[in-house]
Amino acid sequence: MVKRKVAALEKIDADFASLQYKIRRDPKSYKDDFMKQWGQYEAQREIFFMSPTTVAADSVESFHNMIDLIAHVADCYPEETRTFPDDLKAIVSENHETLHPELREKVVGSLVLLRRKEVIDSAALLTTLFPILVSSRSKSMRAMLFQKILNDLRNANSKSTNHPLNRTIQAVLYNLVTADRSSPRAIWAIKLTRELWKRQIWTDAKPVDIMKEACLADNEKVIVGGVRFFLGGDKEREELEDESSDEEIDLAKVRHQITINKKSKKQNQAYKKAVDKVKRQEKKKSKPHPLNFSALHLLHDPQDFAEQLFTKHLQGTKNKLSLDTKLLILQLVTRLVGLHKLTIVPLYSWFIKYLTPKQQSVTSILASLAQGVHNLVPPDALEPLIQKIANEFVSEASASEVAAVGLNAIREVCSRQSLAMTETLLQDLVQYRKSKDKGVMMAAKGLLSLYREVGAEMLKRRDRGKDATMGISHGTMKQRKFGEEEVGGIEGLDLLAKWKEEQRERKLAEKGDDASGDEKDPDADGFNSDEWEVGSEDSSDSGEWINVEHSSDEDEPAPKKRKGDGKDDEEDKENAQEAAAELERMTKLATTTILTPADLAKLQELRAASSVQKAMGSKFRKQQNKQNQNQDGHVDDGLTAENIEAPIRLRKLTKEEKVALAKEGKPDREEHKSTTAIRKSKKEAAGKSTSNKEKQRKKNFLMTLGKAKSKQKRSLVETKKVLRGHVERSTRGGRRRNGT
Amino acid sequence: MGSSAKKKKEKKKDFQKPKYKVGKAAPKASNFTDTSFKSRAIVMNQQSLSTAAPDAVQQFKHNLSLASSSRNDKQRRDALAYLTSQLSSQPPVNPVGTNNILLKVLPLISDSSTPVRSQLLKLLRALPKDQAKHSVREAITFIRAGMTHLSADISSDSLGVMEWLLDVAEDELVAIPGGWFKTLKTFCIIMGWSLSSSAAGWTSAPGSGLRAKDAQVLARQISILTRFIRVGLKPPTPVPWSPQDYWDNLYRIPRDPHAFEYLNLYGERRDEESEMYASPESRQGVLARKFMEPITKGIDKAKKEGGAVGRAVAGLDQVLTDGMRDYNGSDSQLMTDQWLLDLW
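Below you can see the structure in the form of structure tokens.
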């Protein structure tokens, strides 16, 4: 009997999964079945549209199934399903409020699926979903839509940046923010922008512009979102980058596991994937680091922005913002002022009324004040503020913490604009260094050391210290005038010059020992030593870097110095002056020569070494360094309330902090085990196997019995064979032959 | 190694299957906990002790809601049976109105249980014909959904409902928006007469070598399609003139369902598919333009099958030739319709 040909779907009743599978495998043959389902879909849609709000659960479910099926096979019949995406769009954008939650989710999911199958494009999808996201009242729906939109944007930008799409979406978001400034809808624009900024998908000025508009909105939530972005968005981005670069794959481990476990296609694929990933990571590493500007730097016209923020949200009395929001805005404004050196004069007088110890979160306000000061702020504007802080905070009657906070705040302000301080006030404040309280004492000392550097003339003679007194008498130390800028230089260049000098001297000395008459040594005139391989005349093959001939005035110091060495040091002072002049000349290094990469590397090394040396120095030095570090953290980082408050060391520690301190540097052990046991369990947890010896030791005694018995009964010939075999194996490297 | 053997036995015990014996209860598991309890009285916390039984109206409504929303298919069937008995009693009991009943029970066309569907058909037949015709639009939508259902049983059962609808309101059926075009399209789809002629040179596998059951279903489909087309193409019966007509037309509200449907005041814009084709001429035009080709192809194929299918198809062929005899391709009215549609 001939087997009858079985028509499609004859056997299985109402099984969408198998139908979908078959259609996807062979769209042409199953066209009739598909058309029937398409008819069913149309009928269901009609039923649905008769009364979208009051549909029975059954018909919702069947409609749900139909949408699912057709979305999955839509790419097989593009002609027949031409209207499908538009239908879905219409359904979800008109009825999303009333739709059954599951059906709603399915429709959105199907649209995304169609996007993935490239039936519709990203712009169409996003312009459908975004209005729903903004207007929907269902929380779960919004969360899902947000996720889908984000994912789609990420996918669209995964291979290369999709500029047209980004521009469209950014325009939509911008319009959303600016269209109605008082509505909370703009929060979605902020969320989306922040997320994409964090993932470095959007890194240009346009998203910053969106956020800028958000900051100037009328809705408090929106304002806070925008301001928080500027204050924390970049840090978030850096953290994410650090996180993503952490995970590394150990290829050797994967390879090893393949040799042990059963070989399967799946494992092979996993290995290939791992190799791919490692390659990609390596490629990423070798790529030049993308230059990402922080949002604060990408702002267009920061002066205008800061002024608007200040006048709109802070200055007026009408605004109803909470104190927390105001503080955030204040932080942003002052950060902008400090970073871009803006001039907003009314800002400083605005501070006056908040500078009392009873003001809520005054430390944060003080930090903002200090952050908003830079060397181009007129000292007249700051003087009353400092006076007020001194009067309100720093007095014998006030609590020691308050006094410390006041002194710290004054120090921070003055470190940015030292001219704001008057002589009498400074001398008064410096007296507090004799205070009994450690916090106050340290704060006062900090102020003292600051003014020893920037304005020693204002201090009393006995407070100036050795360096400052000497500097004043030599005339090298002067207080800078208003608006005067420091001459720039390269940090650590003098170190490099000194090192080169030493290097040359050492070489000369060696040469002198070897052959005193050999003056024509090529290394004698250049300080590009061979160990750096660059720039010396003989290494002509490394032609990438041009070797610059050194001018004669740089060659001069060497003989001079030698002369000095050779002579008896009778005139110390003259010598010292000479040395200073020499150093000055050497710092010209940068202006007269081109630094090779090797030079730069050495410079880096020397810088690191000197910083280590500084850190290793005396206790006093260490303390100073720490303060310096506090002062000259990165310019982009703002000042926080913690910098103003007394250092953590002076506070009483909480219990958790104490425990954490005690635990620091100790291995974690949950239970009291021997070290070997801990090590062993660690090894096991890492999936490593035991050694051969260990296996032998663990083997069941009964299993070893037979071998032991037979060993005794072996004949001499057999023993010989075994021994020979053993020797041979050991020469070959074991049964498995090492290396083959 | 005695101890080892003993251990082995003990270990084996864990994996032994329990032995079942005929007529005896299954052995209890080792961790069985007896949860049965004895009690002298059962206390019901909430018990309604109303002397009055629910009245007939209440009961009818309750059964109607059961029929449409119960999860249990037996319950649904019983509820439908109750409704049928109420409707077919003399005089019929129907407190909610035919339209409301229809709205509730029509979704059951696609019900998964066969007894429910057959009971539904009985219920439909028990409904008064002149009132049922007001819900033609809803009915035909659900019937189309049923006909294209993935399950063959449901799709063949919905043919019965289609027959009922033809009995009840054949003239309305072909004239309502979408009633002609969409229904014809559905018929073509379920019989596998492909509308798009893109697959030139390809033969489709199903359709050849039908089973007896499939052939029966196909014959039934064809015969119902024949009836549908006959209704659609039959010339309108002239209404006998009466002197009252003139005044009625001026001053009385029309009595037929959806009297002003053709104005389409509230609905969305209609395309070719959901347009209403009120006159036999326009229906002829649609049939000739869109469906003639696949239907004639299908007829040719089915004629070769012979048997019941062949006989049914012969009827269809006859109806088509009769109906299309007076059709000439360039009907001016049709052309304007088409032209207007194209303008949109």
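As you go down the protein sequences, you meet chains A and B in turn.
Each residue of the first sequence is one higher than the one before, starting from -3 at the first, in my numbering.
Each residue of the second sequence is one higher than the one before, starting from 684 at the first, in my numbering.
Even glycine gets a Cβ: it sits at the ideal position worked out from N, Cα and C.
- Message: Just verifying my parser: in three-state terms, what is the DSSP assignment at M207/A?
- Response: For this step, residue 207/A is matched to residue 211 along the first sequence. M207/A falls in the helix class under three-state DSSP.
- Which whole runs of the alpha helix (DSSP H) in the stretch 716 to 787 of chain B are 4 residues long or more, in chain order? 739 to 752 and 756 to 771
- Task: Measure the alpha-carbon distance for R733/A versus T727/A and round it to whole angstroms.
- Result: The residue given as residue 733/A occupies position 737 in the first sequence. The residue given as residue 727/A occupies position 731 in the first sequence. Using only the alpha carbons, I get a separation of about 9 Å.
- Alpha carbon to alpha carbon, what distance is there between E988/B and S891/B? Here residue 891/B refers to the residue found at position 208 when the second sequence is read from its first residue. Here residue 988/B refers to the residue found at position 305 when the second sequence is read from its first residue. Its pLDDT being 44, under 50, S891/B is placed unreliably in this model, and the coordinates cannot settle the point.
- Message: Applying the 10 Å Cβ sphere with the 16-neighbour rule, what's the burial state of E855/B?
- Response: For the purposes of this step, residue 855/B is taken as the residue at position 172 of the second sequence. Buried, since its Cβ has 16 or more Cβ neighbours within 10 Å.
- Task: Assuming M765/A and I382/A form a contact by the criterion Cβ under 8 Å, report the distance between their Cβ atoms to the nearest whole angstrom.
- Result: Residue 765/A lies beyond the residue range present for chain A, which begins at -3 and ends at 736; the question has no answer from this structure.
- Give the DSSP-derived three-state secondary structure of K281/A in the structure shown. The residue you call residue 281/A lines up with position 285 of the first sequence. Correct three-state label for K281/A: helix.
- Integer-rounded CB distance, given that L999/B should sit under 8 Å from I905/B: Indexing the second sequence from 1 puts residue 905/B at position 222. Indexing the second sequence from 1 puts residue 999/B at position 316. Between L999/B and I905/B the Cβ distance is about 6 Å, and since that is below 8 Å, they are a contact.
- Query: Would a C-beta distance cut-off of 7 Å place L65/A and F12/A closer than the cut-off?
  - Reply: Within the first sequence, residue 65/A is the residue found at index 69, counting from 1. Within the first sequence, residue 12/A is the residue found at index 16, counting from 1. Yes, they are a contact pair.
- Report the three-state DSSP secondary structure of P923/B (helix, strand or coil). Working through the second sequence from its first residue, we reach residue 923/B at position 240. The answer is coil: DSSP assigns P923/B none of H, G, I, E or B.
- So C410/A is in the alpha helix (DSSP H); what residue range does that whole segment cover? Looking up residue 410/A in the first sequence gives position 414. Start and end: S396 to R412.
- Task: Could you tell me whether any Cβ in chain A is nearer than 7 Å to the Cβ of A809/B?
- Result: Residue mapping note: residue 809/B aligns to position 126 of the second sequence, counting from 1. Chain A contact via Cβ: absent.
- Message: Using beta carbons (cut-off 7 Å, strictly below), is R935/B in contact with chain A?
- Response: Taking the first residue of the second sequence as 1, we reach residue 935/B at position 252. Output row for R935/B: interface = no.
- Shortest alpha-carbon distance to L146/A belongs to which of L129/A, G435/A and S134/A? Taking the first sequence and counting its residues from 1, the one referred to as residue 146/A is at position 150. Closest option to L146/A, Cα to Cα, is L129/A.
- Message: What would DSSP say about I982/B, mapped onto helix, strand or coil?
- Response: In the second sequence, residue 982/B corresponds to position 299, counting from 1. Residue state, collapsed to three classes: helix.
- Query: Which bits of chain A does F864/B rub up against, with CB to CB less than 9 Å?
  - Reply: One-based indexing of the second sequence puts residue 864/B at position 181. By Cβ distance, chain A contributes nothing, its closest Cβ being about 12 Å from F864/B, past 9 Å.
- Task: Compare the C-beta of P860/B with all C-beta atoms of chain A and state if any pair is closer than 7 Å.
- Result: Here residue 860/B refers to the residue found at position 177 when the second sequence is read from its first residue. It does not; no Cβ of chain A falls within 7 Å.
- Task: Taking 7 Å as the cut-off, decide whether the C-beta atoms of G451/A and S414/A are in contact.
- Result: Along the first sequence, read from residue 1 onward, the residue named residue 451/A stands at position 455. Along the first sequence, read from residue 1 onward, the residue named residue 414/A stands at position 418. Taking 7 Å as the Cβ cut-off, G451/A and S414/A qualify as a contacting pair.
- Helix or strand or just coil, what does DSSP make of A439/A? Translated into positions along the first sequence, residue 439/A becomes position 443. Three-state DSSP puts A439/A in a helix.
- Item | Contacting residues, own chain, Cβ-Cβ under 8 Å from G35/A (five flanking each side not counted) | As a first step, residue 35/A must be located in the first sequence, where it is residue number 39. Nothing listed; no residue qualifies.
- Please list the partners that S58/A has in chain B, where partner means a Cβ-to-Cβ separation under 9 Å. Working through the first sequence from its first residue, we reach residue 58/A at position 62. By Cβ distance, chain B contributes S793, A828 and H832.
- Message: Between A858/B, A961/B, G1006/B and R903/B, which has its C-alpha nearest D840/B's C-alpha?
- Response: Within the second sequence, numbered from 1, the residue matching residue 840/B stands at position 157. Closest option to D840/B, Cα to Cα, is R903/B.
- Task: Write down the C-beta distance between S957/B and G829/B rounded to the nearest angstrom, noting that I regard them as a contact closer than 8 Å.
- Result: Against the second sequence, residue 957/B aligns to sequence position 274. Against the second sequence, residue 829/B aligns to sequence position 146. 19 Å between Cβ atoms; not a contact.
- Message: According to DSSP, simplified to helix, strand and coil, what is W847/B?
- Response: Reading the second sequence from its first residue, position 164 is the one you call residue 847/B. If DSSP states are grouped into helix, strand and coil, W847/B belongs with the helices.
- Message: Tell me which residues share the same chain as E566/A and place their Cβ nearer than 8 Å to its Cβ, disregarding the 5 neighbours each side in the sequence.
- Response: Along the first sequence, one-based indexing puts residue 566/A at 570. Note that E566/A has pLDDT 49, beneath the 50 cutoff, so the model's placement of it is unreliable and the number below is only indicative. Taken in chain order, the list of residues that qualify is empty.
- With 7 Å set as the bound, which would you pick, yes or no: does the beta-carbon of G875/B sit closer than that to a beta-carbon of chain A? Residue numbering aside, residue 875/B sits at position 192 when the second sequence is read from its first letter. So yes, G875/B belongs to the interface.
- chain A contacts from the stretch 901 to 929 of chain B (Cβ-Cβ distance under 8 Å): none
- Check whether the Cβ of S872/B lies closer than 7 Å to any Cβ atom in chain A. For the purposes of this step, residue 872/B is identified with residue 189 of the second sequence, where counting begins at 1. The displayed chain sequence assigns Ile, not Ser, to residue 872/B. Output row for I872/B: interface = yes.
- Looking at the unbroken alpha helix (DSSP H) that takes in A393/A, where does it start and where does it end? The sequence position of residue 393/A within the first sequence is 397, counting from 1. Looking at the DSSP string, A393/A is not in any alpha helix (DSSP H), and its letter there is neither H nor E.
- Query: When the cut-off is 7 Å and only beta carbons count, does K689/B lie next to chain A?
  - Reply: Locating residue 689/B in the second sequence gives position 6, counting from the first residue. It does not; no Cβ of chain A falls within 7 Å.
- Query: Which residue's Cα is closest to the Cα of T831/B: P97/A, P127/A, K676/A and Q33/A?
  - Reply: As a working mapping, residue 831/B is identified with position 148 in the second sequence. Nearest of P97/A, P127/A, K676/A and Q33/A to T831/B, Cα basis: Q33/A.
- From L599/A to E482/A, what distance separates their C-alpha atoms? Mapped onto the first sequence, residue 599/A falls at position 603. Mapped onto the first sequence, residue 482/A falls at position 486. Cα-Cα distance, rounded: 22 Å.
- Item | Interface flag, G35/A vs chain B, CB-CB below 7 Å | The residue you call residue 35/A lines up with position 39 of the first sequence. With 7 Å as the cut-off, G35/A counts as an interface residue toward chain B.
- Query: Which same chain residues, not among the five before or five after L630/B, have their C-beta less than 7 Å away from its C-beta?
  - Reply: The structure shown has nothing for residue 630/B, since chain B only spans 684 to 1027.
- Task: Identify which residue in A750/B, D813/B, A712/B and G706/B has its Cα closest to the Cα of K700/B.
- Result: The count along the second sequence starts at 1 and reaches residue 700/B at position 17. Selected option, being the one with the closest Cα: A712/B.
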